[in-house]
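Protein chains: 2
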Amino acid sequence: MSHVEFRTSPANYRHWRLTIEGPVATIAMDVDEQGGLVPGYELKLNSYDLGVDIELYDAVQRLRFEHPEVKTVVLTSGKEKIFCAGANIRMLAASAHSWKVNFCKFTNETRNGIEDATENSGQTYLAALNGTASGGGYELALACDKILLVDDRSSVVSLPELPLLGVLPGTGGLTRVVDKRHVRRDLADYFSTKSEGIGGKKAVTWKLVDEVVPRVRWQEVIAERSVASASSASRLPGGPAIELTALSKTRTDTSVSYTYVSASLDHGRAVAEITVSGPGMSRAGAHDIPEISAYERGTSAADLPSSMDDVYAAGAGFWSLAVARELDDLILDLRTNETEIGTWVLKTAGDAARVLAYDELLLAHCDSDWLAREIVLYWKRTLKRLDVTSRSLIALIEPGSCFAGSLLELALAADRSYMLFGVFEEVDPTVPPNTGAPAAVTVGPANLGPLPMGNGLTRLQTRFLGDAEGMTAVEKAAGEPLEAEEAEKLGLVTFAPDDIDWDEEVRIAVEERASFSPDALTGLEANYRFAGPETIETKIFGRLTAWQNWIFYRPNASGPDGALRAYGTGRRADFDRKRV
Amino acid sequence: MSHVEFRTSPANYRHWRLTIEGPVATIAMDVDEQGGLVPGYELKLNSYDLGVDIELYDAVQRLRFEHPEVKTVVLTSGKEKIFCAGANIRMLAASAHSWKVNFCKFTNETRNGIEDATENSGQTYLAALNGTASGGGYELALACDKILLVDDRSSVVSLPELPLLGVLPGTGGLTRVVDKRHVRRDLADYFSTKSEGIGGKKAVTWKLVDEVVPRVRWQEVIAERSVASASSASRLPGGPAIELTALSKTRTDTSVSYTYVSASLDHGRAVAEITVSGPGMSRAGAHDIPEISAYERGTSAADLPSSMDDVYAAGAGFWSLAVARELDDLILDLRTNETEIGTWVLKTAGDAARVLAYDELLLAHCDSDWLAREIVLYWKRTLKRLDVTSRSLIALIEPGSCFAGSLLELALAADRSYMLFGVFEEVDPTVPPNTGAPAAVTVGPANLGPLPMGNGLTRLQTRFLGDAEGMTAVEKAAGEPLEAEEAEKLGLVTFAPDDIDWDEEVRIAVEERASFSPDALTGLEANYRFAGPETIETKIFGRLTAWQNWIFYRPNASGPDGALRAYGTGRRADFDRKRV
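Chains as they are written, first to last, in numbering that gives the first Met the number 0: chain G, 0 to 579; chain L, 0 to 579.
Printed below as a string of structure tokens:
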């Protein structure tokens, strides 16, 4: 298969219909059976594959930016009698393990994004199950704030993965059933072993759905609930919609580049070097790229955006939003298409003061302006995507970088960071863009609250878990550019080698990483990145996903006689009965 | 291999030396290289296998009951220059997946037990690392309250699993490093990739150990720290030590029986039926078994123990303690020896009022008497062992059962419970021990706090997560025998079929369970049993263990060219480099 591309737009949707009536949007799933991303399966009964979910993700994102007037999103089906049959089973059975796991990760992130919109954006999702929702179909409904099910004696909700396929519901179902909807654990156990599902009043009594509605009253009740939900939602005011214009992206076998973000891929060393440029500092330092908005072209402080009007005027070209989109797309691209590139080296280039100024403008308005909030929330989600990425992340902090505020989060998300002590001796400080100044990092307001991880803590709080003194010292240093010695002393960077040791230390770190077991690294990182409390979200990516990965990989599921492979063939799965 | 037996005693230890001086006990690890539980490996460098850990578990348990005077336990090595090299690698490489996973589970439980002794029993563990502690050796130290390391320029602590073996430290290491000891996550990352480990002052600065001590001052400092720890520990007062006399156990291929606990094993149906008898009601209803203490023989309320003196007099024969020990041994036996028996049916037989009376006596004294507290803590640990057991648990609540207080926890720990509505029609109520009374369950004080799960909540709180009303209703009903209709209404049992439906419903539940993928059931149960908050303990059994299981099973670790198999052969592991 060629590269999977995550960029799309409503005009290109094959599987979803997005309609908007005032404050209510409806996303109707109407999967094109012949529209599978990969040959070899038909997407019957509104079952989905990665391609279907890419469109859903796009729709959820666009609703936030392109439809600020929307306060309620009704998620329903465009087909009769079936809401969604979940992830396509033939697709799963035919997929490589790495594909299955990456697919589940992305679908989980989209569902978390739906919850984020409901909780933080004033766009509340209602699941309108006009037919049966099974497996991933019910899990999609679980991500919504409320679930309404048609009461027609045949439509049910179900999680048939265990009895039919010998795997778990892989998109947060188990966690949300007990931790979000508070279905009693023994009833949840019964429900998850009953492939025929549960509908009608019992589904309400057991808290599997919020309401069942006779078919004759269906349209009317959905309309009522949508309007009621919209009238109580608290979408922030602000300026007009922002169009998420097509990302400018150039993709070759060895590089991916956008306006501000670029990655060079070294397959031999299994490393991607990712560089994020600060405002006014697009890739290669060029200031004449047409995609860069007026506010980005200047290099002096006088050109900084000074009000939300400037942000609206820049639209999708506004640096903070543009970088979030580019980084988001890059993460998805590399995760899916470059599975053998196991280490991502993270760099930045630009002016830290400008980064902090952009942060400051957004944070000053993120409680009063919908767009400011949306951009901050998008950064939050993108950084979370980085946190759950199964790649080693190494930040390199060098002279000319701008690890400050929102961009410092990249270094804090990394498994390790190296910061140059002093300057590179061979670089001539009189030749621009070199300034002769050593690298510095700056803690800003963006690091102290608005960009929490999935565990509910900021990356700094997670880093200084149980070390209140260390955390306080860092907070006190906020706003000051910290050179290597001080940054290391404060615990903001892992190592601070000087020019003599730099190349060797960095080379060893990167080469060593490539020599280790990729699986063990994934496990190590998944544990160390999530110190501290667990939430529904971290449980989904931790406890649930890890079990699911194990189950997916076992012959009882994926072996020639496993349940996933036997499904639909008429053969019975042949299990190794040993309990592990 | 024949059955693995978990019962042992200090006289039979091959690998540990237990010495006691006043309030300080020393457990010295001195592994017999030739003493492996299974042929095929030598236990060099104080490496361990299940047999070594069974002895450690026994020692930890006995210290609590047989040495109430001990307030500090020094865990050290009886060998020069090496504390412990961790789990034996050749043993791991040669073991079946199910053996590795079960072995890790048991070792984890023992380390959690060490932390429980430190936190709740006033027996504080100090790790005295008189030589290098690597892998599982360092993880054992991590379970102690303080870690002292000899400073001799060669002794280090290390977690070399990832770089050397391509797996994770499997005994809580990653979780405890960041969540308990608060090692900064990036330093933890570096530490866990550095097979040569870290010693000296850096080990202290990074919080990997609490103190490093020059070898010349080693004995002196350990003695000082032990005495200081003992003088500040708060072991409860009470009566004299209790001897944990040998358990009376009869084991055949189809049954395991003790005084109060018995199990019949049906390999064809893959079911074990476990019956726990209440006080005064040993197995088969016989009252003349010599192991039953005087207090247990009576059947009338007048014979109930009335003070802690009675508990001390009964000693290990005291019903509550005897049942905890028997159940503990049975769980370990079935987990290890009967991996194909995937469902455990849990039953009780006896007088609920007597169970509640025994509970009451212990709970009245568990804040003032060390033995009362120890017995309650033992129940807590045993029930937690049930919670993390990878078997389906189905409780059957029938007439003549005594699911009350501490025994009701068995039904609350189960994945599902079935309670008979009414009575069995074919049973003649005039023939003893039948009484003609329908089954009842009784919520007691034991269900409302003293026996929390690993997530920190009671099983009732976990069951009624997010349902404060349901929880309050159950609390209000405490003390009253609740028949099936009421128990079902209160949400205490899953289903309450009557005599007409009982056999069929129970049969289907059990047979269905045996037809499902054992792996998927393990994952389902591991998720549904731990709704609500996560703690260090649940993270170890959830996030960490699940990842480790996956990694263990992947060819990169356990395949013919995997790191675990290649270790020590001079061959390099050949990894599939795809990141998953």
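Here a beta-carbon is modelled for each residue, glycine too, at the ideal position from N, C-alpha and C.
Every value quoted in this text rests on a predicted model; they were computed, and no experiment measured them.
Exposure of residue i, with buried meaning 16 or more beta-carbon neighbours within 10 Å
{"i": "valine 215 of chain L", "result": "exposed"}
{"i": "glycine 314 of chain L", "result": "buried"}
{"i": "glutamate 223 of chain L", "result": "exposed"}
{"i": "threonine 123 of chain G", "result": "buried"}
{"i": "glutamine 218 of chain L", "result": "exposed"}
{"i": "aspartate 358 of chain L", "result": "buried"}
{"i": "glycine 85 of chain G", "result": "buried"}
{"i": "serine 154 of chain G", "result": "buried"}
{"i": "isoleucine 608 of chain G", "result": "This structure cannot speak to residue 608 of chain G, because chain G is shown only from 0 to 579."}
{"i": "proline 22 of chain L", "result": "buried"}
{"i": "threonine 204 of chain G", "result": "exposed"}
{"i": "glycine 435 of chain L", "result": "exposed"}
Other residues of its chain near residue i: CB distance less than 7 Å, five sequence neighbours each side excluded
{"i": "phenylalanine 574 of chain L", "result": "Asn555"}
{"i": "serine 516 of chain G", "result": "none"}
{"i": "arginine 63 of chain L", "result": "Ala116, Ser120, Gln122 and Glu373"}
{"i": "leucine 55 of chain L", "result": "Trp15 and Thr109"}
Distance between residue j and residue i (C-alpha atoms, nearest Å)
{"i": "arginine 183 of chain L", "j": "proline 162 of chain L", "result": "20 Å"}
{"i": "histidine 266 of chain L", "j": "alanine 413 of chain L", "result": "21 Å"}
{"i": "glycine 156 of chain L", "j": "alanine 132 of chain L", "result": "In the sequence as displayed, the identity of residue 156 of chain L is valine instead of glycine. Looking at the two C-alpha atoms, the distance is approximately 5 Å."}
{"i": "valine 354 of chain G", "j": "glycine 404 of chain G", "result": "7 Å"}
{"i": "arginine 89 of chain G", "j": "phenylalanine 420 of chain L", "result": "44 Å"}
{"i": "arginine 61 of chain G", "j": "threonine 534 of chain L", "result": "38 Å"}
{"i": "threonine 335 of chain L", "j": "aspartate 52 of chain G", "result": "43 Å"}
{"i": "glutamate 65 of chain L", "j": "proline 236 of chain L", "result": "14 Å"}
{"i": "threonine 274 of chain G", "j": "leucine 447 of chain G", "result": "24 Å"}
{"i": "alanine 300 of chain L", "j": "alanine 572 of chain G", "result": "Low confidence applies to alanine 300 of chain L: its pLDDT is 48, below 50, so where it sits in the model is not reliable enough to give any reading."}
{"i": "valine 212 of chain G", "j": "valine 220 of chain G", "result": "7 Å"}
{"i": "glutamate 68 of chain L", "j": "arginine 234 of chain L", "result": "8 Å"}
{"i": "glutamate 160 of chain G", "j": "arginine 564 of chain G", "result": "13 Å"}
{"i": "glycine 561 of chain L", "j": "glycine 478 of chain G", "result": "49 Å"}
Whole-Å CB distance - residue i paired with residue j, under 8 Å assumed
{"i": "glutamate 337 of chain G", "j": "leucine 264 of chain G", "result": "6 Å"}
{"i": "proline 449 of chain L", "j": "leucine 362 of chain L", "result": "6 Å"}
{"i": "alanine 126 of chain L", "j": "glycine 77 of chain L", "result": "No, alanine 126 of chain L and glycine 77 of chain L are not in contact; Cβ-Cβ is about 14 Å, not under 8 Å."}
{"i": "alanine 92 of chain G", "j": "tryptophan 549 of chain L", "result": "No, alanine 92 of chain G and tryptophan 549 of chain L are not in contact; Cβ-Cβ is about 19 Å, not under 8 Å."}
{"i": "glycine 112 of chain G", "j": "valine 176 of chain G", "result": "Their Cβ separation, rounded to whole angstroms, is 20 Å, which puts glycine 112 of chain G and valine 176 of chain G out of contact at 8 Å."}
{"i": "histidine 181 of chain G", "j": "glycine 465 of chain L", "result": "3 Å"}
{"i": "leucine 148 of chain G", "j": "leucine 128 of chain G", "result": "4 Å"}
{"i": "glutamate 524 of chain G", "j": "arginine 458 of chain G", "result": "That pair is no contact at about 14 Å."}
{"i": "leucine 49 of chain G", "j": "valine 3 of chain G", "result": "7 Å"}
Cβ neighbours of residue i in the same chain (closer than 6 Å, five flanking residues each side left out)
{"i": "leucine 42 of chain G", "result": "Val30, Glu32, Gly35 and Asn87"}
{"i": "histidine 364 of chain L", "result": "Met307 and Ala371"}
{"i": "alanine 352 of chain L", "result": "none"}
{"i": "valine 387 of chain G", "result": "Phe540"}
{"i": "tyrosine 40 of chain L", "result": "Asn87, Arg89 and Met90"}
{"i": "serine 1 of chain G", "result": "none"}
Per-residue contacts from residue i into chain A (C-beta, under 7 Å)
{"i": "phenylalanine 574 of chain L", "result": "Given the protein chain composition of this structure (G and L), no chain A is represented."}
Check: residue i C-beta below 7 Å from any heavy atom of the ligand SAM
{"i": "alanine 530 of chain L", "result": "Looking at this structure, you won't find the ligand SAM or any other ligand, since it has none at all."}
Neighbourhood of residue i by C-beta distance below 8 Å, restricted to the same chain and skipping five residues each side
{"i": "alanine 513 of chain G", "result": "Arg268, Ala269, Val270, Gly341 and Thr342"}
{"i": "serine 254 of chain G", "result": "Ser261, Ala262, Ser263 and Leu264"}
{"i": "aspartate 328 of chain G", "result": "Phe5, Arg6, Leu246, Lys248 and Tyr257"}
{"i": "alanine 476 of chain G", "result": "Val442, Glu485 and Leu489"}
{"i": "aspartate 497 of chain L", "result": "Leu419, Phe420 and Gly421"}
{"i": "leucine 186 of chain L", "result": "Trp205"}
Exercise for review: Jot down the residue ranges of each uninterrupted beta strand (DSSP E) in the segment 437-514 of chain G, minimum 3 residues, whole runs only, in chain order.
Suggested key: Counting only runs of 3 or more, we get 439-441.
Point to revise | Continuous alpha helix (DSSP H) assignments of at least 4 residues falling wholly in the segment 108-152 of chain G | key: 135-141
Point to revise | Completely contained beta strand (DSSP E) runs for the segment 394-433 of chain L, where each covers 3 or more residues | key: 415-418
**Study point:** Segments assigned beta strand (DSSP E), at least 3 residues, entirely inside the segment 7-35 of chain L
**Key:** Here the runs fully enclosed are 15-20 and 23-28.
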